[in-house]
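Residue numbers (numbering that gives the first Met the number 0): 0 to 232. Using N, Cα and C, we set each Cβ at its ideal position, and we do this for glycine too. This structure is a prediction, so every number in the text was calculated from the model and none was measured.
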Amino acid sequence: MDRGQVPGGRCQLLKMGSPAVLEAQIRELQEKSVASAAALRTLVSQGEALQARVQGKRTLRPYITEMRSEGEALERKLAESSTVVQMVVENVRRLDLAQANTRKALDRAESIVGLKATVDGVASAIVEEDWEKAAQSMQRYLHVSPEASSTQTEEAALESLRKSLVWLRSIVAEKCQKAIDARDEAGVVRFCRLMTQLGCAADGAARFADFMGTKVRQGAEEEVERLRQRIDM
C-alpha cells in the first residue's frame, strides 16, 4: 500500500463506527467462533459414536448370524420333540386301552369261575340245609350283570342260580312263617335276615315288624288279663 492511500484507509475504518462498536462486533465474532468450534466438536463426537456403533454392528453381525442359525436349529429340535411327545402319548393311550381290555377279560374269566363256584356252593348248602351258607353263596350271583357276550357255560350257570334263588326265597319265607306261627323270635330274626340277603329285604322287614307288633300286643293283653285276675281276687 502506498503512503498516499493510508489516510484513505483510516478514514474508511473510522466510517465503520466507534471503537466500542468494533469491540462488540469482535466479541460477537469470537462468540460465534467458539460456538462454531463447540458445534464442530459435537459433530465430530457424534460422528465417532456413529462410527463406533457401525463398527460394533459389523462386529456383532457374525454373532447374530450364528444366533439365528442356532435358533433355527432349536426350532427344528422342538418340532421333532413335539412329534416324539405325540407318539409317546398315543402309545400310552394304546397301552391304557390294552390294559383296560386285559383287566376286563380277567374280570370276566374270574366271573365265570366264580359263577361255577357259586352254583356248587348253593347246591351243597341246599343239600345240607345250611340256609346261611346258601344265602351267602347266592350273594355273588345277585351282583352279576349278564352281558351280551355271555357264553353257554355262563348262561347255564346263571339259569341254575335263578332257579335256586326262587326256590331259596320260597323255602326261607315258608320257614319264617312257621317261626312266626310258633312265636319263635330267634327263628323269625334268623329267617328275616336271610330274606334280606336273598334280595327280599322289604318282605323280611314287614314280617318282622308284624311279628314284633303282635308280640307286643299279645304281651300287653296278657298283662291286662293278669291285672284283672288280681283285681277280681
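What are the boundary residues of the alpha helix (DSSP H) that residue i is part of?
i, result
"Cys199", "Counting along the chain, Cys199 falls outside any alpha helix (DSSP H), and DSSP gives it neither H nor E."
"Arg168", "151 to 180"
"Glu131", "130 to 141"
If you measure from the CB of residue i, is any heavy atom of the ligand MG nearer than 7 angstroms?
i, result
"Trp166", "Ligands in the displayed structure: none, and consequently the ligand MG is not present."
In three-state DSSP terms, what is residue i?
i, result
"Asp183", "coil"
"Ile230", "helix"
Q | Given 8 angstroms, three or more beta-carbon pairs between the region 111 to 121 and the region 169 to 177 | A | no
Q: Kindly confirm or deny that the region 122 to 141 and the region 195 to 207 touch, where touching means at least three C-beta pairs closer than 8 angstroms.
A: yes
Q: For the region 64 to 123, list the alpha helix (DSSP H) runs that are entirely contained and at least 4 residues long, ordered along the chain.
A: none
Q.
Quick check: the region 200 to 214 against the region 181 to 190, are at least 3 beta-carbon pairs closer than 8 angstroms?
A. yes
Q. Can you find at least 3 beta carbon pairs, one from the region 215 to 229 and one from the region 160 to 169, that sit closer than 8 angstroms?
A. no
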